[in-house]
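Chain order of the listed sequences is S and A.
The opening residue of the first sequence carries number 2 in the numbering used here; numbering runs sequentially from there.
The opening residue of the second sequence carries number 2 in the numbering used here; numbering runs sequentially from there.
Working notes, structure below.
There are 2 protein chains.
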Amino acid sequence: MTSTPTPLTPVDPARLTEVLDGRWAHVRRDSREQLDDPRWAPVYGESMAEARERVTALAAELAATGRVSLGFPVEYGGADDAGGSVTAIEMLAQADLSLMVKAGVQWGLFGGAVQALGTKRQHDRYLPDIMGFALPGCFAMTETGHGSDVQQLRTTCTYDPATQTFDLHTPHEAARKDYIGNAAKDGRMAVVFAQLVTQGEGRGVHAFLVPIRDADGAPVPGVTIGDDGPKAGLLGVDNGRLTFDHVAVPRDMLLDRYGQVAADGTYTSSIENETRRFFTMLGTLVRGRVSVGGSAGAATKVALEIAVRYGDTRRQFSAPGEDREVVINDYLVHQRKLLPALAKTYALSFAQEELTSTMHDVLGAADVDEAAQRELESRAAGIKAVSTWHATRTIQLCREACGGAGYLAENRLPTLKADTDVFTTFEGDNTVLMQLVAKGLLTGYRDAFGSLDGWGRAAFVAEQVRETVLERTAARGLIQRLVDAVPGRDEDVSMLDRGWQLATFEDREKHLLESAIRRLRGGAAVKKDRPFDIFNDVQDHVLAAAEAHIDRVVLEAFVAGIERTPDPAARALLARVCDLYALSTIEADKGWFLEHGRLTPTRAKALTGAVNDLLKELRPHMRTLVDGFAIPESWLNCAIVAEEPGRQETMAAHDAALRSAGAQPQQEATATDLEMAPAQ
Amino acid sequence: MTSTPTPLTPVDPARLTEVLDGRWAHVRRDSREQLDDPRWAPVYGESMAEARERVTALAAELAATGRVSLGFPVEYGGADDAGGSVTAIEMLAQADLSLMVKAGVQWGLFGGAVQALGTKRQHDRYLPDIMGFALPGCFAMTETGHGSDVQQLRTTCTYDPATQTFDLHTPHEAARKDYIGNAAKDGRMAVVFAQLVTQGEGRGVHAFLVPIRDADGAPVPGVTIGDDGPKAGLLGVDNGRLTFDHVAVPRDMLLDRYGQVAADGTYTSSIENETRRFFTMLGTLVRGRVSVGGSAGAATKVALEIAVRYGDTRRQFSAPGEDREVVINDYLVHQRKLLPALAKTYALSFAQEELTSTMHDVLGAADVDEAAQRELESRAAGIKAVSTWHATRTIQLCREACGGAGYLAENRLPTLKADTDVFTTFEGDNTVLMQLVAKGLLTGYRDAFGSLDGWGRAAFVAEQVRETVLERTAARGLIQRLVDAVPGRDEDVSMLDRGWQLATFEDREKHLLESAIRRLRGGAAVKKDRPFDIFNDVQDHVLAAAEAHIDRVVLEAFVAGIERTPDPAARALLARVCDLYALSTIEADKGWFLEHGRLTPTRAKALTGAVNDLLKELRPHMRTLVDGFAIPESWLNCAIVAEEPGRQETMAAHDAALRSAGAQPQQEATATDLEMAPAQ
């Protein structure tokens, strides 16, 4: 873990895999072994109908393996293993993302909602069929008009004591349920989120279990089902639209764990405050977001494996005085694209592992710890946003790093990009999620803001913030020791000093938060009349604080992960990769550090040099780092990495022959010249 | 043009269109009028076969309009209008990108090669059929193993005096022609680039006109045709692979404008130096790159129009104390996404116009000006790279700005993203192209480097560089006056001073170039033995210099464009947009400016404030700015912008009713709170 540069030695990728696999290694190994077959890999060039058929069949097959039941209660054949269930779904993302999403909808969202929001009689009646895929279902929350702000859903469900049924209704087109997985083709039932009204009073959003298709697959009376049609990707997922025209829903179909309606319409709930009740219900659904972040990371690994392996065989431009052309992974700019992305992928992998573990423990706890729950939701939101943005950017750069080959479906990258693209906006729009994180950091701020003149409590708020920032998120003792050991953040400290890196991340977060508070306070003082502007004017600043926070969480998780690494060689390599993650993150925000006197111009320049040195040092280990992901060859389904090894040699032999035949363009053509002038 | 903030007044979008349309306004207007029909818009959910059929039919229809013949000689029914031909193809990009690429292949690359590299007898025989699409053809340059480094193509074409034919041959799989448009389905002939060998000597890459299919569409003997199959996008373009097994090519099928082979095999050429000859041939094909840059810009405009219009109707989260929810274009962070992208799109639009104009004049010049040709190629490469990267990033952010709706094919964005994605790597990989730009800036450097110890000429080189940097690329007089008028780059100068902005861009470019030279020189002194490393170690630095150069070229073009704007209100608006382009570009590279003492921390912070002020000022004009693109409604084919206007009102009415019914969640839910906490 120490950062004094120990020269790197060759590493067995298996040593890296062991660390990355973490607490649910058994689930990962099981998926790799049991699903190591081409039929689990994506198929290219299918029609939407073909893709949907194939994925539905695979989902049924998957159900039969029991692999997707881990998260359900033991008494129904599950394992009460929330972490395992998220991991199992994440593994599918390396094979076929349509299947991953289909499984996420059926067993994560739909099944998870019945499990979390329903009660025993509903579990007894529905969970077995849901787990076995005999009852395919939908999670009908999002509406065309409301996605991020789900507390404002427009669908209504009004109780009528006379008939003892609810009247489920879609008041206008923008209130129809939209983008709903399993709706267009397979879904028999849907968990519908709607505004509960009883005794003429709105009780806020509640979930109802509603049949949408009969045994023959025809929509039930009153339910109109639309098809979202072709999408950028995820062709195998049947997303659709649901509109309800005064559909009668029996009273016992309200998922009533958190709110009950008596026969006479009397409403009862263990949670008084409506907003708190609503967010408690949503809180139980945190698994969805954790799954998306993990799946984004899994897909990113596939893209990087393809780009790194291609970059080791693809040659272009010959170096001066050399016969053989240069492999593109040897170009500094190519390393500048792939290696920092690879480092961040490792970092996020450790953060995701930690998040999954926390989620597992919080959800499994005997009694609900509200603070822990809230922190978990904030962490899940932040990691999801950062992981999915990273996936979109990285898969895009991997596709570009493979040139024309990266544009062909047969090389997987187009499917990876298109399928994961929706991750940045579903299960919560990333920008909105990052603001949720900021909200979590501005602890107590909302209360202080409750009354616009309540600024007396500002000092208290600042205190809180300081608390928040200083709280370690992982390996607390170790990280504190590392930070304390830093002689100070001046010129002399090595940038490879882990303590300096940690302190630098922490300092930026702290400063961004405290200055955001100051600006909000200042704004409130002069803009009492325009409360919206008070927040809107600092929205970019507040987002930056949230990002800085997640960056630190991720770095701390990486440090903890290295600490868990037994093999010395693997540990040394991971330490170098962590250096690259830390320094390239600081480099990317160099402007801020210089602007706030955290870096001197001299040190900022040295930073660029340090990053380039790390690239040189890590270049020989690029292949090892992607091999550490242990992705089954059968899942890659990528022509450019599947090509027979003999080819490079054939080319080399031919080139030699060509040269001796004198047909080789004059040797004036060199990488240094031509690469700069392919067309002049 | 002055930058003293004049308050903005409403602008008629038509005034913006007039300026943007520029020199080939008549071609643009003609396309908008003649092709304003849904059948020219993209179709969603087609199979590859359906898309190919449709696009082939449209290409034939297009040929009949003569719209794509503008670039061909008058004597064959063309107009000798190179600029017009590029503009006509660019316009297709706003309708259907598959059609744009198909047209680019047939009339730009294939027809353009026959025109530029062939001679009169070949023009007489083939141009009419090519123009009329009676002879669909391919531009077979790229090979699986060589794309960027085309001087190293492996396909050989060996002349045999006995038979007076060439023997065209593909020596190994990596030498097959790949990603070739028109090859998989329609192509009857191909312009094949291969190493010419005659009298046992290699003469470098030459182009040959080769039949690949017979009248019945079957491959001719010796030619194997493969299909590249499904791609990320451009489903309507039939990209394929060509392999030649000792195909006999008649002597007169060599496109022999720049190199001739006599019956006895004697080789003659007006250009002695082989490399110079090769790049002269390639130089005549610059139109392709200009087309791609222009088409990328055209597609970017479509994406921005969709995102801006959606952002003006999409509401989410209610502001405190207000009934109506906030339109997302009112959020600072949403403006931070869309407006700088919009400003850069305007900037690039002016740069593209200038490039097209220069290309038209250089190609049309009576006698070839080698320096002008070389500068044109460098400019075309740089603008193509910057425009296509900008397109990929902007279309991606527009898709994310539209949330789930942006992921549905019916809303156009997925097709736009997938179709344009290849632009960053075809017609030259962007990274390689930016190095070509750098090469152009390091004038004479290559000569100086010719002998590794020739450093005596370094001073001369530095001189050259200074020259290069100081050379204005547009509106020379005006820009010089603006720069001279700057009192100095100290704290007091307004960041809205155009002269300061220009001087700041120029200063960064100059410093990056000169320091790159210094580092190359220094490296050469100590690494005489590893010439490759000398360049590779500064590759990122050299690329940064090239980017800074293109940024300046683009800013100068914007300034010149504003100068050409007659309408005062439009002029004032464009000046503001130009401020945003300039300041957001500086802000994006803030780290560099601080690191090099070009910005003080105080001024750097003020910069962020200035950008946010510009966003506020431009917010009311977002819609006007996209309306200025004048994209025919029939080309958008986007459901979310086509929705009936009444809908928003229906929703508002319903919400009011809902509130009075008391079913509205407590008003505690506000944009400021909820937006930060949609899930807690």
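In this text, a Cβ means the ideal position worked out from N, Cα and C, and glycines have one as well.
Here the structure is a predicted model, which means the values were calculated and not measured.
query: Which residue from 403/A, 615/A, 211/A and 329/A puts its Cα closest to that of residue 581/A?
result: 615/A
- request: Alpha carbon to alpha carbon, how far is residue 309/A from residue 569/S? Give it in angstroms, no decimals.
  value: 54 angstroms
query: Is there a Cβ from chain S that is less than 7 angstroms from the Cβ of residue 318/A?
result: yes
task: Would you give the residue range spanned by the beta strand (DSSP E) that residue 178/A belongs to?
output: 178 to 181
field: Cβ pair count under 8 angstroms reaching 3, the region 109 to 120 of chain A against the region 316 to 328 of chain A
entry: no
- prompt: Touching or not, the region 539 to 558 of chain S and the region 336 to 349 of chain S, by the rule of three or more beta carbon pairs under 8 angstroms?
  reply: yes
task: Using three-state DSSP, classify residue 17/S as helix, strand or coil.
output: helix
Chain A contact residues for residue 49/S, given Cβ-Cβ distances below 9 angstroms: 46
field: Neighbourhood of residue 292/A by C-beta, 6 angstroms cutoff - its chain only, sequence neighbours within 5 removed
entry: 87, 90, 105 and 109
task: Would you list the one or two residues that DSSP bridges to residue 101/A?
output: Note: residue 101/A sits in no beta bridge, so no partner.
- request: Within its chain, find whatever has a CB closer than 8 angstroms to the CB of residue 198/S; leave out the 5 residues flanking it on each side and keep chain order.
  value: 157, 158, 159, 160 and 204
query: What distance in whole Å lies between the Cβ atoms of residue 101/S and residue 32/S, which are believed to be in contact at a cut-off of 8 angstroms?
result: The Cβ separation is near 11 angstroms, so there is no contact.
- prompt: Is residue 85/S near residue 25/S, with beta carbons less than 7 angstroms apart?
  reply: yes
task: Please go through the same chain and pick out, in chain order, the residues whose beta-carbon is closer than 8 angstroms to the beta-carbon of residue 278/S, but skip the five residues on each side of it.
output: 205, 259, 260, 270 and 272
- request: Please list the partners that residue 693/A has in chain S, where partner means a Cβ-to-Cβ separation under 8 angstroms.
  value: In the structure as shown, chain A begins at 2 and stops at 681. Residue 693/A is therefore absent and cannot be evaluated.
query: Quick check: the region 138 to 152 of chain A against the region 201 to 220 of chain A, are there 3 or more CB pairs under 8 angstroms?
result: yes
field: Own chain, CB closer than 6 angstroms to residue 130/S, minus 5 neighbours either side, in chain order
entry: 136
task: Given a cut-off of 7 angstroms, decide if residue 524/A and residue 411/S are closer than it, judged by their beta-carbon atoms.
output: no
- request: Could you name the residues of chain S that residue 505/A contacts, counting a contact when the two beta carbons are closer than 8 angstroms?
  value: Here the premise fails: no neighbours, minimum Cβ distance about 15 angstroms.
- prompt: Which full runs of the beta strand (DSSP E) of 3+ residues lie inside the region 314 to 367 of chain S, going along the chain?
  reply: 316 to 319 and 326 to 328
message: Would residue 608/S and residue 537/A be called neighbours here (beta carbons separated by less than 7 angstroms)?
response: no
- prompt: Where residue 46/A and residue 630/S are concerned, what is the direct C-alpha to C-alpha distance, given to the nearest angstrom?
  reply: 35 angstroms
query: Using a Cβ-Cβ distance under 7 angstroms, would residue 621/A count as near chain S?
result: no
task: Over the uninterrupted alpha helix (DSSP H) stretch that includes residue 500/S, give me the two end residues.
output: 499 to 527
message: Could you check whether the region 184 to 196 of chain S touches the region 222 to 241 of chain S, counting it as contact only if at least three pairs of C-beta atoms, one from each stretch, sit closer than 8 angstroms?
response: yes
task: Kindly indicate which residue of 628/S, 250/S and 289/S has the alpha-carbon position closest to the one of residue 360/S.
output: 289/S
message: I'd like the list of long-range same chain contacts for residue 512/S, defined as Cβ closer than 7 angstroms, with 5 residues on each side in sequence excluded.
response: 597
- request: Quick one: which residues of the region 323 to 345 of chain S get their C-beta closer than 9 angstroms to a C-beta of chain A? List them in chain order.
  value: 323, 326, 327, 331, 332, 333, 334, 335, 337 and 338
message: Looking at the strands, I want to know which residues DSSP matches up with residue 251/S.
response: 166/S
query: Would a C-beta distance cut-off of 7 angstroms place residue 265/S and residue 635/S closer than the cut-off?
result: no
message: Under 7 angstroms, Cβ to Cβ, is there at least one residue of chain A near residue 200/S?
response: no
- prompt: Looking at C-alpha atoms only, which residue of 44/A, 196/A and 171/A is the closest neighbour of residue 245/A?
  reply: 171/A
- prompt: chain S beta carbons: is any one of them nearer than 7 angstroms to that of residue 502/A?
  reply: no
field: Neighbourhood of residue 510/A by C-beta, 6 angstroms cutoff - its chain only, sequence neighbours within 5 removed
entry: 470, 549, 550 and 553
message: Tell me the residue span of the beta strand (DSSP E) that contains residue 185/S.
response: Element bounds for residue 185/S: n/a, residue is neither H nor E.
task: Mind reading off the beta-carbon distance from residue 300/A to residue 392/A? Whole number of angstroms is fine, and I expect it under 8 angstroms.
output: 6 angstroms
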